[in-house]
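Read top to bottom, the protein sequences are chains H and D. Counting the first sequence from 1 gives a position; the numbering used here is that position plus 25. Counting the second sequence from 1 gives a position; the numbering used here is that position plus 25. Idealized CB from N, CA, C, for every residue including glycine.
2 protein chains.
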Amino acid sequence: MSTKELILEEALRQFSQKGFDGTSMSDIAGPLGISKAALYKHFESKQQIFEEIIAESEVKYKAFFEKLSVHFLTGSHEAMNKQDVDVYSGITSEGLCENVLAFVRFSMSDEYSGQVRRMLTISQFQSRELGETYTRRYVDAMLGYDEKLFEQLMKAGVIKPGNPKVLAAMFYAPVIMYMGIWDREPDRADECEKAIRDHVEQFFTMTKHMGSVL
Amino acid sequence: MSTKELILEEALRQFSQKGFDGTSMSDIAGPLGISKAALYKHFESKQQIFEEIIAESEVKYKAFFEKLSVHFLTGSHEAMNKQDVDVYSGITSEGLCENVLAFVRFSMSDEYSGQVRRMLTISQFQSRELGETYTRRYVDAMLGYDEKLFEQLMKAGVIKPGNPKVLAAMFYAPVIMYMGIWDREPDRADECEKAIRDHVEQFFTMTKHMGSVL
DNA sequence: GTCTATAGACCGATAGAC
DNA sequence: GTCTATCGGTCTATAGAC
Chain H
26 MSTKELILEE
36 ALRQFSQKGF
46 DGTSMSDIAG
56 PLGISKAALY
66 KHFESKQQIF
76 EEIIAESEVK
86 YKAFFEKLSV
96 HFLTGSHEAM
106 NKQDVDVYSG
116 ITSEGLCENV
126 LAFVRFSMSD
136 EYSGQVRRML
146 TISQFQSREL
156 GETYTRRYVD
166 AMLGYDEKLF
176 EQLMKAGVIK
186 PGNPKVLAAM
196 FYAPVIMYMG
206 IWDREPDRAD
216 ECEKAIRDHV
226 EQFFTMTKHM
236 GSVL
Chain D
26 MSTKELILEE
36 ALRQFSQKGF
46 DGTSMSDIAG
56 PLGISKAALY
66 KHFESKQQIF
76 EEIIAESEVK
86 YKAFFEKLSV
96 HFLTGSHEAM
106 NKQDVDVYSG
116 ITSEGLCENV
126 LAFVRFSMSD
136 EYSGQVRRML
146 TISQFQSREL
156 GETYTRRYVD
166 AMLGYDEKLF
176 EQLMKAGVIK
186 PGNPKVLAAM
196 FYAPVIMYMG
206 IWDREPDRAD
216 ECEKAIRDHV
226 EQFFTMTKHM
236 GSVL
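Below, the structure written as C-alpha cells:
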C-alpha cells in the first residue's frame, strides 16, 4: 500500500474518532512513523486530506450502492433503466428482506464503511455540502430505494397497498436508528442486530397481503 | 441575564455549529464583547463550560420529559408510579399522536433544544459518556416511553396486538430521522414536518383495530 | 520522499493593573 | 469582573539538507 493510501487510511481513522478540528497533522503522521512534514509531499493541506477521503468514499459508496442492484445514486429516479425494472419485477418480500439485511451486515461489519459514517456524522453541521452528503447517502438514497421497491411490491400484490414513501420510512428509519446505537456503543451490537432482525421480520408480517398478525 | 448565562448561551451556539475543538475561547468571548480572559472569572476552563452546558441541558431535558407526563427519565421502568398508570389508562391513539407531535413541534421550534441536540450529535463519539447520553435522551427514553404506551394501548384494545418494542421503533425512528434532515437542511423543514405528520397518521391507521388500510 | 528546524499564527490559561 | 499583556505550548505549513 502506498504512503498516500496509508495517510488517507490513518487520517480517516483519526477524523472518525476526534473530528477534523480535533485531529492534528502529527496525529496522522505519528502512527505511520513519519514526520508531519512528509504529509505535505502527498497532500497540500489537512483540508485536502479530508476532501480526498470524502471523494474516495463517494466512489466506494456508489460502487456499493450499485451492488444493491439499483441505479438512483444521484437521488434522481429518472436514472432508472431496463436493468432496474428487471430487478423490481422479480423482487419478493423475502428478497427485499435479505437485500436490506445484507446492507446492514456490511455497513456494520466493514471498518471503512463505519469510519466514513461516523466521520460524516460528526461533520454534518460543518458545511451545507457535508450535511447534504450525509442526507443523500444515509437517508434519501435508501428511502428512495425502498420506496420504489415497495411501489413494485404493492403493484405485484406482495404487500398491502398504502403510501410507499411512508412505508419506506417505517421500514428503513429503525435500521439507521439501531445502527446509530451500535456506532456509539459497540457492546450493544448483538442487541441492535437482533432488534433490526425483529423489526424486518415483523414489518413484512404486518405488510404482507396474506396472514396479517397485527 | 447574568454574564455567566450569556457565556453558556454563546458557547452552546458555537459548540453546536463547530464542535468543541473547533470553538476557541475567543470565539465565545468575541460576540459577547468581552475578552477571553474574562471567561476565566466565570469558568475554570473550556472543558468546564462544555460540561456545564451538558449538565444544564440534562435538567431542562428532564423537566421537558416530565411534561410529557411520564416518569422514566432514568431509563428504568421501575420508576413508574400511580400517576403514570393513570396517564396510561386514559390514553387513546389520538392522544398519543398529539403527545408525540407536541414533542416534535417543540424539539423543532425551540432554539435551545436544537442547539443541544446538534451539539450532542457532533460530540457523540468524543467519549463513551457523551455517546450514552445521546442514546439515552434521543433513543432509549423515547423508545421506552412509546413501548410502554403501546403495551397499554394493546391491552386496552385500541391498537392491534404485536411486539410493542418493535412497534415503538417503527413509530419513533422515522420521527428522529426527519428531525435529522431538518437539522442538516433547515429549508426542508416543511417537507419534514409533513412527512412526520403523514407518518404518524398512517401509523395509527395501520395499527388501529378498526378500519385497517393496509 | 524523508528528515530537522522553524516561521507565524493561534491556542488555553494566567498575571497583574484598574 | 473587566482589561491588556504574556506565557508556554501546539497548530498548519514551509524551508532546506540529505
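Where residue i falls: helix, strand or coil (DSSP)
| i | result |
| --- | --- |
| K43/D | helix |
| K233/D | strand |
| F128/H | helix |
| E216/D | helix |
| G58/D | coil |
| Y137/D | helix |
| L31/H | helix |
| Q227/H | helix |
| M195/D | helix |
| I147/H | helix |
| F68/D | coil |
| S51/H | helix |
| S118/D | helix |
| E210/H | coil |
| S152/D | coil |
| L93/D | coil |
| M204/H | helix |
Proximal chain H residues relative to residue i, where beta-carbon distance stays under 7 Å
| i | result |
| --- | --- |
| A181/D | Within chain H, no residue comes near A181/D; the closest Cβ sits about 15 Å away, beyond 7 Å. |
| R143/D | F150 |
Partners in chain D for residue i, counting only beta-carbon separations shorter than 7 Å
| i | result |
| --- | --- |
| G55/H | In chain order: nothing, as chain D lies at least about 17 Å away. |
| T28/H | The contacting residues do not exist; T28/H stays about 27 Å from chain D at best. |
| G156/H | R209, E210 |
| A36/H | The premise fails here: A36/H is roughly 15 Å from chain D at the closest Cβ pair, so nothing lies under 7 Å. |
Euclidean distance between Cα positions of residue i and residue j
| i | j | result |
| --- | --- | --- |
| L155/D | G47/H | 16 Å |
| A127/H | M133/H | 10 Å |
| G169/D | I147/D | 24 Å |
| Y197/D | C122/D | 11 Å |
| C217/D | R162/H | 17 Å |
| A54/D | S60/D | 6 Å |
| H234/D | L178/D | 10 Å |
| E240/D | S118/D | An answer regarding residue 240/D cannot be provided, because it is not within the stretch 26 to 239 covered by chain D. |
| K92/D | S51/H | 48 Å |
| K29/H | R130/D | 47 Å |
| S82/H | K180/D | 48 Å |
| F150/H | A166/H | 19 Å |
| T160/D | Q42/H | 17 Å |
| G115/D | A88/D | 22 Å |
| D208/H | V200/H | 12 Å |
| L31/H | L145/D | 31 Å |
| D241/H | M231/H | Residue 241/H cannot be examined here, being either before or after the span of chain H that is shown, 26 to 239. |
| T158/D | I206/H | 11 Å |
| F228/H | A194/H | 12 Å |
| G187/D | V183/H | 21 Å |
| A80/H | A36/D | 32 Å |
| G139/H | H67/D | 40 Å |
| R38/D | Q72/H | 24 Å |
Cross-chain neighbours of residue i in chain D, by beta carbon under 9 Å
| i | result |
| --- | --- |
| D46/H | K43, G44, F45, D46, G47, T48 |
| I147/H | G44, T146, I147, S148, Q149, F150, Q151 |
8 Å Cβ cut-off: residues of chain H touching residue i
| i | result |
| --- | --- |
| Y159/D | R209 |
| Q223/D | The question names Gln, but residue 223/D in the sequence shown is Asp. N188, K190, V191, listed in chain order. |
Closer than 8 Å at the beta carbon, the chain D residues around residue i
| i | result |
| --- | --- |
| I201/H | A198, M202 |
| V164/H | M202, G205, I206 |
Partner residues on chain H for residue i, Cβ-Cβ distance less than 9 Å
| i | result |
| --- | --- |
| M195/D | M195, F196, A198, P199, H224, Q227, F228, M231 |
| A220/D | K190, V191, A194 |
Closer than 8 Å: residue i CB and nearest the ligand SAM heavy atom
| i | result |
| --- | --- |
| T230/D | This structure lacks the ligand SAM; in fact it carries no ligand of any kind. |
Original post:
What are the uninterrupted segments assigned as alpha helix (DSSP H) that are 4 or more residues long and contained completely in the stretch 154-188 of chain H, given in chain order?
Top reply: With a minimum length of 4 residues, the continuous alpha helix (DSSP H) runs that stay inside the stretch 154-188 of chain H are 166-180.
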